[in-house]
Amino acid sequence: MDTVFIGEHLWPGKLGQFFVVLSFAAALLATLSYYFETIKDKPDGSWLKIARSAYFVNLLAIIGIGTCLFYIIYNHLFEYHYAWAHSSKALPVYYIISCFWEGQEGSFWLWTFWQSVLGFVLVFRAKTWEPPVMAVVMLSQTFLASMLLGVEILGIRVGSSPFILLRDAVQAPIFARPDYLSMVADGNGLNPLLQNYWMVIHPPTLFLGFASMIVPFAYALAGLWQKRYTEWISVALPWALFAVMVLGAGIIMGSFWAYEALNFGGFWAWDPVENASLIPWITLIAGVHVLLAYKHSGQAYFTATFLTLVSFVLVLYASFLTRSGILGETSVHSFTDLGMFWQLLVYIGVFKLIAFILVIKRWKYMPFSVKEEETYSREFWLFVGAVVLGLACLQVLATTSIPVFNKVFGTEIAPPTQVIAHYNKWQLPFALVVAFISGFSQFLKYKKTDIRSFYVQLGRAALIAALLSGVAGYIAGIYTNPMFMLLMFSSIFSVVCNAGILYDAVLGKWKLAGSALAHIGFGFLLIGAMVAAATNKVISVNNSGIGFGQEFAKDNNPRENIILYLNEPIKMDKYTVTYLGDSVSGPNTLYRVNYKVIDPKTAKVTENFDLYPNAQQNVKMRQIIASPDTRHYLWKDIYTHVSSVPLKEEATHEAHEGHSEEEDFGKPTIYTVKLGDTIAVRDAKIVVKAIKKGVHINNMPLNSSDVSVALSLEVLSKAKTQVVDPVFVIKDGNVYDFGKTIEDLGLKLRFTNIKPQNNSLELTVLQRPPAEKKWIVLKAIVFPYINFLWGGTILMTIGFFLAILRRRKELKTA
Amino acid sequence: MKKSAILLIGIIAVAIGVIISTYADSSTYGSFNDAKDSAAELHVVGRLDLAKDMVYNPKKDANYFSFYVKDNKGTECKIVFTGTKPQDFERSEQIVLTGKMVGEEFHASKILMKCPSKYNKDQVEVKSTAQQS
């Protein structure tokens, strides 16, 4: 039975799916052709011609996939599952690009796109390396293309296509209707947390980093394969530096996004997804250092090869961790499984196997050095540094892989309960050693160093570092903790040693500038990360919590959230903090929170600023998504987010006819009063002042037998005193009264009777129930010296960039 | 002894240390009954009981949140968390709690929710004003 569906646009999806299949076929053809070109005894370029054409078809197909997907999302074609699941009509155009990486398919596309852009450079620049290197790259392209296929082969579904239709992806009765599309109102929308400018640039940077890790890997494989054992090292070096630079920048952007847009209150949480991207970065950093050691001294060949190879395998492992759903219970932000568990495993398996087989086959040809490194040589300490980095990596890998271990061995081990403490306990000493080595190895030369001059330089730098770190430790307030002080010392030591090198560089040895800057940046990064993580202070501590039993006080639990009522200042640390109201901007509600510092002696306001932490309220889901706002100073940040706010009601209760005006007032209270009496109500006092007889009432002509009496009441509230005159009328034997309402007090006063027999008056008071006082629950943290972390990263990135330039120049002149 | 040998011993020693530490610091998954017998913190996986009271009243105490969870063995327990109610809490399908028993209450130091990814929610929201033709 074929239903003809109304309003569907099928051609962009069909075209897109065509490109998907084309990109897979072209990648496969390019892989094979490059392979045959490589193994041919006398290459005549015929295979190369096919390979290159196939490569270009692959590139065009990938661009075609991206264009079709963009078209679908841009035009809100919700008949496609991807558009429906990841976008909505209200989404601004510049975030459409973010929809690409909210889903797995889009992020695979991003990866394959970058990989083919890198391939473009290789096709034109790699010269004799092109066939073997591109064979490896295109093999990886083939795997990535297969992730997007979404077709069934022999009953197994391969990949997941971004062009699948909503009615095929989701089972629901409405899809039986030909006009179902007219009933699909809007897409699910982009996760609000991704609607942040950092999320527009963080994933592309990260994926460019991941994608570029394949190039040094491919060179290493090509080197072994083509028996150009030592040649590949110099060519791969700039690529390895590029990968490390981009991946590092990508990781830190993610960290900055987490700090600026997420409310977990920090910049690094050792979440498995974060670790997964950090692990290959560290191994390739180690790799870069031993590549240099080998290049300059002929030592550590195997370590260099191993680290280069393993880094890419770890990239694949990282994507397996985040995409297969295996992290399940241990990570907050991994993707859900799309049924590609085995496909991802095959991807890793194939690359691991190729690398392993080549290493074994070429083992006996590898240029192992017979001679041991000198202790006082740079290559030895480059090697030791790489080993320490490798061990640091092993630790992160071991704990992150607990869920994998469980899956393989059927165990049920849970990750450490104090995850951050567990990692820090290990990573702090590793960082300390690495920083120290990165400092003193600057004074060592390749092969052999003059010991005396080495110790003189070392001693001088250590002395300066000891003095500086004493001062810095005192200022930062970490001097009571010996481990922190040691790390401070070794970080500053590294900065001092490398600053010396940088000084030389400025004086003329420009080629040294890259490494010196990168190491200085690394030193600052460590200082910033340690101080900010160790001394950040929650200032919204609320120890006045009451009422829920005493057992709480015993536990020493930090009570890190505080409630702020509108316009009621609360003192936090040195700040007087006031919640001043909220405003709505798009989907966000911005809460205006004022911070003031008042000098206790002069009572002058020395600092005064507003922060606007915001929350997206989703009325339907009855949830809020809070994003922080941060006041940046040079030496510290004040970070604030709302952790709870009153939920807005879905529909405001509309006033409509048929309701009496008094309905929203509470029950009337009847007082019997005499002149001069005072009645106390919630926010005011009412004094019965006087009676005025014979008052004239508009539109109500009265004759002589009628009575009209006004009661003069003085209402005293905190704000002001006002006089009102409710009126009591008897006309033609009927009783009326005209009450008075005081809006700002929520009061209505009615003069309802006169009892001449005991000379008393009846006053009826109605009062609105107290309005809900506006409140927010807030968390505020001071992060000291965090700019060292960001600044250090920027320096490091610039350093890597200079190093790439230097190594490229060496290639040309060599 | 050669330097490389010393280095190798060092590497192996640290690597063993890392593995032991990973194992020593690791925790276990258990039930509320296991938690009663254990002084250390552990992980309990369970489901939120929406029928029971969930208390978060910031006006009284902005750092007290309590709710009920049924663990995978079916035991139900009151959970107390020092902090605010996490966003999106009611919609969580599965909850991983880290903490320990204090009397009859389980005091959680960490709550991890597994939400049905909104993208996998296999429901299509239908326009309410759609014409019935």
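Protein chains in written order, with this note's numbering: chain A, 22 to 835; chain B, 6 to 138.
Glycine residues also receive a C-beta, built at the ideal position from the N, C-alpha and C atoms.
Residue range of the unbroken alpha helix (DSSP H) whose run includes residue i
| i | result |
| --- | --- |
| Q448 (chain A) | 440-461 |
| M234 (chain A) | First-last for M234 (chain A): undefined, no H or E at that position. |
| Y95 (chain A) | 67-95 |
| S108 (chain A) | No alpha helix (DSSP H) contains S108 (chain A), which DSSP labels as neither H nor E. |
| E581 (chain A) | First-last for E581 (chain A): undefined, no H or E at that position. |
| F817 (chain A) | The sequence shown places Met at residue 817 (chain A), not Phe. Counting along the chain, the alpha helix (DSSP H) containing M817 (chain A) begins and ends at 808-834. |
Rounded distance between the beta-carbons of residue j and residue i, thought under 8 Å
| i | j | result |
| --- | --- | --- |
| T27 (chain B) | T420 (chain A) | 5 Å |
| V798 (chain A) | I541 (chain A) | Wrong, their Cβ atoms sit about 42 Å apart, outside the cutoff. |
| V605 (chain A) | D631 (chain A) | V605 (chain A) to D631 (chain A), Cβ: 16 Å. No contact. |
| A553 (chain A) | T661 (chain A) | That belief does not hold up - the Cβ atoms of A553 (chain A) and T661 (chain A) are roughly 16 Å apart, past 8 Å. |
| L823 (chain A) | G535 (chain A) | 3 Å |
| E393 (chain A) | K8 (chain B) | 6 Å |
| E783 (chain A) | K776 (chain A) | 7 Å |
Own chain, CB closer than 8 Å to residue i, minus 5 neighbours either side, in chain order
| i | result |
| --- | --- |
| Y115 (chain A) | V221 |
| A270 (chain A) | T226, G230, T814, T818 |
| A672 (chain A) | Since pLDDT at A672 (chain A) reaches only 42, below the 50 mark, its modelled position is unreliable, and no value is offered. |
| L816 (chain A) | L538, A539, I541, G542, F545 |
| E395 (chain A) | F401, K468, K469, T470 |
Where residue i falls: helix, strand or coil (DSSP)
| i | result |
| --- | --- |
| F630 (chain A) | strand |
| G754 (chain A) | coil |
| I174 (chain A) | strand |
| V614 (chain A) | strand |
| D358 (chain A) | coil |
| Q637 (chain A) | strand |
| E433 (chain A) | coil |
| R198 (chain A) | coil |
| F111 (chain B) | strand |
| V142 (chain A) | helix |
| K83 (chain B) | strand |
| E395 (chain A) | coil |
| N427 (chain A) | helix |
| I499 (chain A) | coil |
| N779 (chain A) | helix |
Sequence-distant residues of its chain with Cβ nearer than 6 Å to residue i (five each side left out)
| i | result |
| --- | --- |
| L268 (chain A) | G230, W302 |
| Y56 (chain A) | A156 |
| L258 (chain A) | L312, R828 |
| I458 (chain A) | W402, G406 |
| A113 (chain B) | I84, F86, L102, G104 |
Residue i vs residue j beta-carbon contact at 8 Å
| i | j | result |
| --- | --- | --- |
| F821 (chain A) | V256 (chain A) | no |
| L546 (chain A) | L508 (chain A) | no |
| A282 (chain A) | N209 (chain A) | no |
| A456 (chain A) | F404 (chain A) | no |
| S276 (chain A) | W289 (chain A) | yes |
| I83 (chain A) | F26 (chain A) | no |
| Q638 (chain A) | L601 (chain A) | no |
| Y250 (chain A) | M387 (chain A) | yes |
| G51 (chain B) | V74 (chain B) | yes |
| F451 (chain A) | A486 (chain A) | no |
| K752 (chain A) | L732 (chain A) | no |
| V786 (chain A) | P689 (chain A) | yes |
| L90 (chain A) | H30 (chain A) | no |
| V138 (chain A) | Y76 (chain A) | no |
Residue range of the beta strand (DSSP E) that includes residue i
| i | result |
| --- | --- |
| I707 (chain A) | 705-714 |
| A701 (chain A) | 699-701 |
| I659 (chain A) | 657-665 |
| S43 (chain B) | Taken as a continuous stretch (DSSP letters only), S43 (chain B) belongs to no beta strand (DSSP E), as it is neither H nor E. |
| Y34 (chain B) | 32-35 |
| R188 (chain A) | From DSSP, R188 (chain A) is part of no beta strand (DSSP E) but of the alpha helix (DSSP H) over 187-190. |
Close beta carbons around residue i, own chain, < 7 Å, minus the five adjacent residues each side
| i | result |
| --- | --- |
| F196 (chain A) | R188 |
| Y467 (chain A) | H317, S318, S398, R399, E400 |
| F39 (chain A) | none |
| D358 (chain A) | S345, G346 |
| V663 (chain A) | Y612, P634, A636, A647, I797, V798, L799 |
| P790 (chain A) | G687 |
| D54 (chain B) | Y73, V74, K75, E81 |
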